[in-house]
Amino acid sequence: MSDVTTTDLYEVTMALSYLREGMAGPATFSLFVRDLPPGRGFLVSAGLEPALDFLAGFHVTAADVRDFATALGRPPDALDALRDLRFSGEVRAVPEGRVVFAGEPLLEVTAPIAQAQLVETFLLNQVSHQTGVASKTARCVLAAAGRPVIDFSLRRDHGVSAGLQAARVGAVAGFAGTSDVAAAVRWGLRASGTMAHSYIEAFPDEESAFRAFARAHPGPVTFLVDTYDTVRGVETAARVLRDLGLGPGCAVRLDSGDLGALSRRARQVLDEAELPEVDIVASGGLDEYGVDDLVRSGAPVDVYAVGTRVGTSADAPYLDSAYKLVEYDGRPVMKLSSAKVTAPGRKQVHRRPGRADLIALEDEPGPPGAQPLLRTVMRDGRRTGPRDTLGRAHARLVADLAVLPSA
Numbered sequence: 047m048s049d050v051t052t053t054d055l056y057e058v059t060m061a062l063s064y065l066r067e068g069m070a071g072p073a074t075f076s077l078f079v080r081d082l083p084p085g086r087g088f089l090v091s092a093g094l095e096p097a098l099d100f101l102a103g104f105h106v107t108a109a110d111v112r113d114f115a116t117a118l119g120r121p122p123d124a125l126d127a128l129r130d131l132r133f134s135g136e137v138r139a140v141p142e143g144r145v146v147f148a149g150e151p152l153l154e155v156t157a158p159i160a161q162a163q164l165v166e167t168f169l170l171n172q173v174s175h176q177t178g179v180a181s182k183t184a185r186c187v188l189a190a191a192g193r194p195v196i197d198f199s200l201r202r203d204h205g206v207s208a209g210l211q212a213a214r215v216g217a218v219a220g221f222a223g224t225s226d227v228a229a230a231v232r233w234g235l236r237a238s239g240t241m242a243h244s245y246i247e248a249f250p251d252e253e254s255a256f257r258a259f260a261r262a263h264p265g266p267v268t269f270l271v272d273t274y275d276t277v278r279g280v281e282t283a284a285r286v287l288r289d290l291g292l293g294p295g296c297a298v299r300l301d302s303g304d305l306g307a308l309s310r311r312a313r314q315v316l317d318e319a320e321l322p323e324v325d326i327v328a329s330g331g332l333d334e335y336g337v338d339d340l341v342r343s344g345a346p347v348d349v350y351a352v353g354t355r356v357g358t359s360a361d362a363p364y365l366d367s368a369y370k371l372v373e374y375d376g377r378p379v380m381k382l383s384s385a386k387v388t389a390p391g392r393k394q395v396h397r398r399p400g401r402a403d404l405i406a407l408e409d410e411p412g413p414p415g416a417q418p419l420l421r422t423v424m425r426d427g428r429r430t431g432p433r434d435t436l437g438r439a440h441a442r443l444v445a446d447l448a449v450l451p452s453a
């Protein structure tokens with residue numbers, strides 16, 4: 047099954063009708079988020095690079111036509127108008143890693159209307175999900191106040207592809223690593239992992255497990271210490287580390303209980319064992335709220351591992367995003383239905399220092415000193431420049447957050 051057929055059926059029915067009626071004029075669709083989720087003051091743009099990959103490779107093959115025909119219950123030759131359709135349009139978009147707000151176009155697609163319609167579902171899926179999770183991961187990095195944050199979300203993300211995307215946008219936010227091996231290899235991220243409680247339970251006791259793990263993995267190790275009794279687990283870990291002459295780069299991981307109190311006790315045990323350089327990793331149901339509580343309490347946690355609540359953006363699991371026609375064949379169009387009115391025309395977002403962003407028509411001049419956010423990233427179905435990198439996206443986010451009044 048190709049990405050071309052990863053679409054809602056009505057995209058196909060509309061595209062067929064456009065082609066049957068000879069409607070091949072250029073259409074501009076604008077993708078935006080209607081409202082910020084509760085508790086969110088900003089969003090972080092993400093998902094553009096996968097979206098551009100999809101558009102650059104968009105080609106309706108004979109196999110795709112057969113799949114469409116099967117879904118519609120019609121013979122394939124009734125859908126011949128779709129065969130060999132490729133994306134030949136233009137994309138103007140906000141680069142990944144920018145802070146954005148409700149109502150602002152994240153991207154605008156201009157292409158013959160059948161093409162622009164057929165790509166709607168995939169674009170919404172990619173940009174909406176990745177922007178939502180990127181916003182959550184950015185909030186975790188802010189809450190950690192300079193301490194490393196690691197992605198542990200894969201096992202409870204909503205599907206394998208969602209796990210890959212969570213690791214990817216975590217890197218945009220500034221995460222220090224991911225437990226997802228495939229994501230680490232694909233995007234050059236730092237792979238990070240420790241051990242599970244099952245590993246400890248498989249041995250006669252914690253000490254045997256810790257020593258076996260250290261034998262299998264020479265160098266810095268992280269011991270999970272809360273399988274039975276957390277304080278005793280830290281004491282055992284400290285004894286093993288001292289016996290093996292290990293210290294710098296090593297850590298103990300707390301995964302349950304009162305993480306604030308336990309981290310203080312763990313720090314005390316490690317310091318008394320003359321292991322001040324051994325870090326404390328905290329995990330277990332954490333998101334930006336839990337991290338913020340620990341940081342504000344002065345808990346001596348050195349690294350935060352976040353998973354379920356972050357990879358699924360549990361408190362804001364979806365964005366009210368839309369992909370709406372704003373111009374067809376040179377004619378501005380708009381939707382007038384109650385509570386979902388859309389602004390017509392191709393647009394630009396101007397960022398003004400110390401003031402709210404200004405949304406204007408594309409051909410309107412921006413205010414003096416304002417920075418236009420949307421750039422032309424694809425023309426005639428081809429990228430206008432080299433692929434963006436996660437490092438550049440992260441740098442943009444750091445710069446935007448530095449001037450954000452309140453995150």
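The sequence shown lines up with residues 47 to 453 when you count with the numbering used here. Ideal placement from N, C-alpha and C gives every residue a C-beta, glycine not left out.
Rounded C-alpha distance that separates residue i from residue j
i: Glu-323; j: Gly-295; result: 7 Å
i: Pro-121; j: Val-79; result: 38 Å
i: Asn-171; j: Gly-293; result: 45 Å
i: His-263; j: Gly-234; result: 22 Å
i: Asp-123; j: Phe-104; result: 21 Å
i: Lys-381; j: Leu-153; result: 18 Å
i: Glu-142; j: Ser-329; result: 28 Å
i: Ala-222; j: Gly-353; result: 14 Å
i: Thr-224; j: Ser-199; result: 8 Å
i: Ala-416; j: Gly-192; result: 30 Å
i: Pro-250; j: Arg-257; result: 12 Å
i: Asp-403; j: Arg-397; result: 5 Å
i: Ser-134; j: Met-424; result: 9 Å
i: Ala-453; j: Arg-278; result: Confidence is the limiting factor: at Ala-453 the pLDDT is only 47, short of 50, which leaves the residue's position unreliable, though a coordinate-based value still follows. Ala-453 and Arg-278: Cα-Cα distance of roughly 39 Å.
i: Ala-467; j: Ala-362; result: Missing from the structure shown is residue 467; the chain here goes from 47 to 453 and no further.
i: Gly-306; j: Val-341; result: 9 Å
i: Pro-84; j: Gly-178; result: 12 Å
i: Ala-219; j: Gly-344; result: 23 Å
i: Arg-299; j: Ala-189; result: 19 Å
i: Asp-426; j: Thr-156; result: 10 Å
i: Pro-461; j: Val-349; result: This structure gives no information on residue 461, because the portion of the chain shown stretches from 47 to 453.
i: Leu-55; j: Leu-62; result: 11 Å
i: Val-58; j: Val-165; result: 10 Å
i: Gly-265; j: Gly-331; result: 29 Å
i: Asp-304; j: Leu-270; result: 15 Å
Rounded Cβ spacing between residue i and residue j (contact assumed at less than 8 Å)
i: His-204; j: Thr-358; result: 6 Å
i: Val-372; j: Gly-391; result: 6 Å
i: Glu-136; j: Ile-405; result: Contact doesn't hold; Cβ gap of about 19 Å is too wide.
i: Leu-77; j: Val-215; result: In fact, because the Cβ distance is near 17 Å, the residues do not count as touching under 8 Å.
i: Val-227; j: Ala-212; result: At roughly 14 Å, the Cβ-Cβ gap does not stay under 8 Å, so Val-227 and Ala-212 are not in contact.
i: Leu-407; j: Lys-393; result: 6 Å
Within 8 Å, strictly: CB atoms of residue i and residue j
i: Met-69; j: Gln-163; result: no
i: Leu-125; j: Ala-139; result: no
i: Ala-208; j: Val-90; result: no
i: Thr-276; j: Glu-247; result: no
i: Ala-102; j: Arg-429; result: yes
i: Phe-88; j: Leu-436; result: no
i: Asp-286; j: Ala-260; result: At residue 286 the sequence reads Val, which differs from the Asp that was named. Yes, they are a contact pair.
i: Asp-446; j: Glu-95; result: no
i: Leu-316; j: Ala-284; result: yes
i: Asp-375; j: Gly-71; result: yes
i: Arg-86; j: Val-111; result: no
According to DSSP, residues forming a beta bridge with residue i
i: Lys-393; result: Leu-407
i: Val-315; result: For Val-315, which the question treats as bridged, DSSP gives no partner whatsoever.
i: Pro-378; result: Glu-373
i: Arg-138; result: Glu-154 and Thr-422
i: Gln-417; result: Arg-397
i: Val-145; result: Val-90
i: Val-327; result: Arg-299 and Val-349
i: Ser-367; result: Val-79
i: Arg-132; result: His-105
Residue i (DSSP reduced to helix, strand or coil)
i: Tyr-56; result: helix
i: Asp-434; result: coil
i: Val-349; result: strand
i: Thr-358; result: coil
i: Arg-80; result: coil
i: Arg-429; result: strand
i: Gly-265; result: coil
i: Leu-62; result: helix
i: Gly-490; result: For the chain, the structure presents residues 47 to 453; residue 490 sits outside this window and is missing.
i: Arg-257; result: helix
i: Leu-300; result: strand
i: Ser-384; result: coil
i: Arg-288; result: helix
i: Pro-72; result: strand
i: Asp-203; result: coil
Any chain D beta carbon closer than 8 Å to residue i
i: Leu-300; result: The chain labelled as chain D is not found in the depicted structure, where only one protein chain is given.
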